[in-house]
Amino acid sequence: MLKWRFKDRINAQMNAFLDGFSKLVPLNLIKVFDEKELEYLMGGLAEIDVEDWKKNTNYLEYAATAQPIVWFWKAVETFDNETRARLLQFVTGTSKVPMNGFSELQGSNGPKKFTIKKFGAVDSLPCAHTCFNRMDLPPYKSYYDLKEKLKLAVDNTEGFEIE
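So for the sequence shown, our numbering puts the first residue at 3; every next one is plus one.
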């Protein structure tokens with residue numbers, strides 16, 4: 003069922019897109035890029051407004067003032083714009099902020115704010131649920147642990163495939 007929904011039912015449209023795209027850009031020239039690098043290359047990186055991001059974030063089982071949340075935003079503020087974009091892509095599936103800001107972030111079923119949920123053991127990595135714009139963030143005991151595990155998760159993330 004998943005294979006049909008995400009692959010087979012759009013196969014004709016995807017082949018038409020690839021045919022047209024390959025007439026503009028030879029596919030052998032873009033095969034050196036993974037999907038994330040290609041998105042950055044084609045769309046560029048816009049400046050990410052961390053204050054807007056904070057203002058449009060929901061919390062589940064955390065208060066906005068909880069120490070791991072304070073550390074999370076402190077870490078995000080220290081990241082350069084590319085790392086912020088990769089974090090956004092890790093959680094939402096795209097490195098792009100909607101044209102009118104984070105208040106218009108979309109999930110799989112329409113508008114869905116960026117959400118951080120308290121979940122996981124302190125020795126585990128943050129986990130993303132891109133369809134819901136949600137990140138499970140364990141209740142880390144230090145800023146250093148949170149920042150290192152967040153960067154490790156973002157830098158080593160891989161998508162999923164349907165075969």
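Every residue, glycine too, gets a C-beta built ideally from N, C-alpha and C. In this text, all values refer to a predicted model and were calculated from it rather than measured experimentally.
Backbone CA spacing between ILE50 and GLY103 [nearest angstrom]: Looking at the backbone, the Cα of ILE50 and that of GLY103 are separated by about 9 angstroms.
With DSSP collapsed to three states, give me the class of GLY22. DSSP places GLY22 in the helix class (H, G or I) of the three-state scheme.
Indicate the three-state DSSP secondary structure (helix, strand or coil) for THR159 in the structure shown. Coil, per DSSP.
Measuring only the C-alpha atoms, how far is TYR145 from LEU90? Their Cα atoms are separated by approximately 20 angstroms.
Taking 8 angstroms as the threshold (C-beta atoms), are ASN135 and VAL93 in contact? Note that the C-beta distance between VAL93 and ASN135 is below 8 angstroms.
From the DSSP output, read off the bridge partner residues of GLN108. DSSP links GLN108 through a beta bridge to PRO113.
Below 7 angstroms CB to CB, which residues in the same chain sit around GLU163 once its five sequence neighbours on both sides are set aside? Confidence at GLU163 is low in this model, with a pLDDT of 45, below 50, so the placement of that residue should be treated as unreliable; the coordinate-derived value is given next. Setting aside the 5 residues that flank it on each side, GLU163 has no residue in the same chain whose C-beta is closer than 7 angstroms to its C-beta.
Determine the closest residue to GLY45 out of ASN158, LEU154, ALA87 and SER105, with distance taken between C-alpha atoms. For the residues ASN158, LEU154, ALA87 and SER105, the minimum Cα distance to GLY45 belongs to ALA87.
Using the C-alpha atoms, what's the distance from THR117 back to SER97? Taking C-alpha positions only, SER97 is separated from THR117 by approximately 16 angstroms.
Taking all protein chains shown into account, decide if ILE12 is buried (16 or more other Cβ within 10 angstroms of its Cβ) or exposed. It counts as exposed.
Spatial neighbours of MET137 in its chain, beta-carbon cut-off 6 angstroms, leaving aside the 5 residues before and after: If we look at MET137 and ignore the five residues flanking it on each side, its Cβ neighbours are VAL93, ILE118, PRO128 and ALA130.
Mapping DSSP to helix, strand and coil, what is THR60? Looking at the sequence shown, residue 60 is not Thr but Asn. Note: ASN60 maps to strand in three-state DSSP.
Inter-stretch contact (C-beta, 8 angstroms, three-pair minimum) for the stretch 141–158 and the stretch 65–85: Flag = yes, the stretch 141–158 and the stretch 65–85 touch.
Since MET137 sits in a beta bridge, which residues does DSSP pair it with? As DSSP reads the structure, MET137 sits in a beta bridge with ILE118 and ALA130.
Can you tell me the Cβ-Cβ gap for LYS57 and TRP75, rounded? I've got them flagged as a contact below 8 angstroms. Contact annotation, LYS57 with TRP75: C-beta distance approximately 11 angstroms; criterion of less than 8 angstroms not satisfied.
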